[in-house]
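Peer 1: My questions all concern the structure below.
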Amino acid sequence: MQQQTTSAWVFQELSSVFENQIPSTYKHFYIDLQTYFPLVVVFMLDHFYSIISMTSNDEKAPKKRSIQGCKATLVAAKCAPPDALRAGFPDLKRLGTYFGIYLGVGTVIFYALKNDIRGHKTIDFIDSLYLCVVTMTTVGYGDLVPHSYNAQLVCIFFITVGMCLFGIAVKIAAKYLVVKQQMVMVNALRMSRKMGPVEALKEIESVKIDYNKLKISLIAMAGHYVIGIFVLLTVEGMDFTDAIYCAFTTMTTTGFGDETFQEPFGRMFAVFWISTGTSCVGQLFLYIAEIYTDIETKKLAKQVISNNIIAKTDLEAADDIKDGKVYGAADMILYKLKEKGKIKQDDISVAMKDLNDVIKDVDVDDVTPPKSAQEK
1 MQQQTTSAWV
11 FQELSSVFEN
21 QIPSTYKHFY
31 IDLQTYFPLV
41 VVFMLDHFYS
51 IISMTSNDEK
61 APKKRSIQGC
71 KATLVAAKCA
81 PPDALRAGFP
91 DLKRLGTYFG
101 IYLGVGTVIF
111 YALKNDIRGH
121 KTIDFIDSLY
131 LCVVTMTTVG
141 YGDLVPHSYN
151 AQLVCIFFIT
161 VGMCLFGIAV
171 KIAAKYLVVK
181 QQMVMVNALR
191 MSRKMGPVEA
201 LKEIESVKID
211 YNKLKISLIA
221 MAGHYVIGIF
231 VLLTVEGMDF
241 TDAIYCAFTT
251 MTTTGFGDET
261 FQEPFGRMFA
271 VFWISTGTSC
281 VGQLFLYIAE
291 IYTDIETKKL
301 AKQVISNNII
311 AKTDLEAADD
321 IKDGKVYGAA
331 DMILYKLKEK
341 GKIKQDDISV
351 AMKDLNDVIK
361 DVDVDDVTPP
371 KSAQEK
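The sequence shown maps to residues 1 to 376 in full-length UniProt numbering.
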């Protein structure tokens, strides 16, 4: 109920802004917005609450079903409780708070400096929010630029803070990959001790890398790209080539600035579209890095477990030529040391000759136990 009230308030505020700003050509889009906007906002708020609650390890968070299996444990670390990963990342909730504060403070300051901003202007509040987003995401179209000393200093400050926030996001992603790799290695070693290295290797070999998240991310980014092109065609009135060009340069944060959002509705859409678009690109790169990490972790786990296995060929190579037997661990150790180049056969021969000389010099009585010891 609270989420529906919030969405209604948001829509009421936007309606008051766009009531006299939307051209007659786009009235049908405005009617569709009245119909579907509350549902979209409720869905977004619910999804946002779910993400924040899950990342903060909240017991009241909506639980999502997951299928877990021992094979997925070894490479995908899915046998471990999901909270084991979430509990280590309280920075994610804090990062979301920082982004919210950044947008709020930046919008207020740019609104206060509206007279020091030049370029194509529409509505002051929307322009301020739009400028804050393109600054934070490093898109930087150049359609709105500071032209006073104070405004330029403010932009320098916000650009620096925005880059620091993205640096924190990269740090969280790197921590996620490292912790996941550690969990995979620990689970693989535990499996090796429990069921033996040979069986553990078979389990690891049978595990397949999960590409589903990468596929979903590609589909989501493609859909996001198509939506942006559609808005640029209908609201901004661009031709098809310019719309594709503008959407691509925006999502890759290139932002040449020759094709930008000029209409109030288009800029309000760009605030959400640019933020989510750059997030989609970042998520895609994270999934690519995660797949590469899974592949390398699988190789590393196999290599570590294989080092604990004595191959049959090694035993055969270490056999004594005369009677076909390995007398003990000493023979195997000598063979492996020779194989790795730590010692040479000449060193062993010299040591054995010295040992034989010492044994020959020892009198038989010196090694005969005392009589009292024999009686015992």
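Glycine included, each C-beta is placed from N, C-alpha and C at the ideal position.
Have a look at residue 379 and SER217 and give me their C-alpha separation to the nearest angstrom.
Peer 2: Nothing about residue 379 can be read from this structure; the chain reaches only from 1 to 376.
Peer 1: Cα-Cα, which of ARG94, LYS344, LEU131 is closest to VAL108?
Peer 2: Along the sequence shown, one-based indexing puts residue 108 at 108. Among ARG94, LYS344, LEU131, the Cα nearest to that of VAL108 is on LEU131.
Peer 1: According to the Cβ coordinates, are ILE291 and TYR225 closer than 8 Å?
Peer 2: As a working mapping, residue 291 is identified with position 291 in the sequence shown. As a working mapping, residue 225 is identified with position 225 in the sequence shown. No, Cβ-Cβ distance for ILE291 and TYR225 is not below 8 Å.
Peer 1: Given 8 Å as the limit, is there contact between the region 251-260 and the region 271-281, that is, 3 or more CB pairs closer than that?
Peer 2: The region 251-260, when compared against the region 271-281, does touch it at the 8 Å Cβ threshold.
Peer 1: Could you give the DSSP three-state label for ILE159: helix, strand or coil?
Peer 2: In the sequence shown, counting from the first residue as 1, residue 159 sits at position 159. It is helical.
Peer 1: Under 8 Å between the Cβ atoms of GLU203 and MET191?
Peer 2: For the purposes of this step, residue 203 is identified with residue 203 of the sequence shown, where counting begins at 1. For the purposes of this step, residue 191 is identified with residue 191 of the sequence shown, where counting begins at 1. A contact, by the Cβ cut-off of 8 Å.
Peer 1: Can you list, in chain order, the residues of its chain whose CB lies under 6 Å from that of LEU232, leaving out five sequence neighbours each side?
Peer 2: Taking the sequence shown and counting its residues from 1, one reaches residue 232 at position 232. Contacts found: MET238, ALA243, CYS246.
Peer 1: Let me confirm a value: GLN374 is counted as buried when at least 16 other C-beta atoms fall within 10 Å, else exposed. Which label applies?
Peer 2: As a working note, residue 374 is residue 374 in the sequence shown. Because GLN374 sits at a pLDDT of 48, beneath the cut-off of 50, its placement in the model cannot be relied upon, and the point is left open.
Peer 1: Alpha carbon to alpha carbon, what distance is there between ILE209 and ILE288?
Peer 2: Here residue 288 is taken as the residue at index 288 of the sequence shown, counted from 1. Here residue 209 is taken as the residue at index 209 of the sequence shown, counted from 1. Taking the straight line joining both Cα atoms gives about 12 Å.
Peer 1: Give the single residue among VAL133, LYS336, GLY142, LEU177 whose Cα lies nearest to the Cα of VAL161.
Peer 2: Here residue 161 refers to the residue found at position 161 of the sequence shown. If we check each option's Cα against that of VAL161, VAL133 comes out closest.
Peer 1: If we ignore side chains and look at the alpha-carbon of each, how far apart do PHE248 and GLY257 end up?
Peer 2: On the sequence shown, position 248 is the one that residue 248 refers to. On the sequence shown, position 257 is the one that residue 257 refers to. About 12 Å.
Peer 1: Is the beta carbon of ILE159 sitting closer than 8 Å to the one on LEU95?
Peer 2: Mapped onto the sequence shown, residue 159 falls at position 159. Mapped onto the sequence shown, residue 95 falls at position 95. No.
Peer 1: Counting C-beta neighbours from all protein chains within 10 Å, is the total for PHE230 16 or more, i.e. buried, or is it exposed?
Peer 2: On the sequence shown, position 230 is the one that residue 230 refers to. The residue is exposed, with fewer than 16 neighbouring Cβ atoms inside 10 Å.
Peer 1: Let me know the beta strand (DSSP E) ranges lying completely inside the region 98-183, each 3 residues or longer, listed in chain order.
Peer 2: Taking only runs of at least 3 residues, the beta strand (DSSP E) segments lying wholly in the region 98-183 are 117-119, 144-146.
Peer 1: Please report the straight-line C-alpha distance between LEU165 and ALA301, rounded to a whole angstrom.
Peer 2: Translated into the one-based positions of the sequence shown, residue 165 becomes position 165. Translated into the one-based positions of the sequence shown, residue 301 becomes position 301. If you take the alpha carbons of LEU165 and ALA301, they lie about 34 Å apart.
Peer 1: Under the three-state reduction of DSSP, which class applies to GLN262: helix, strand or coil?
Peer 2: Position 262 of the sequence shown, counting from 1, holds the residue named residue 262. It is coil, neither helix nor strand.
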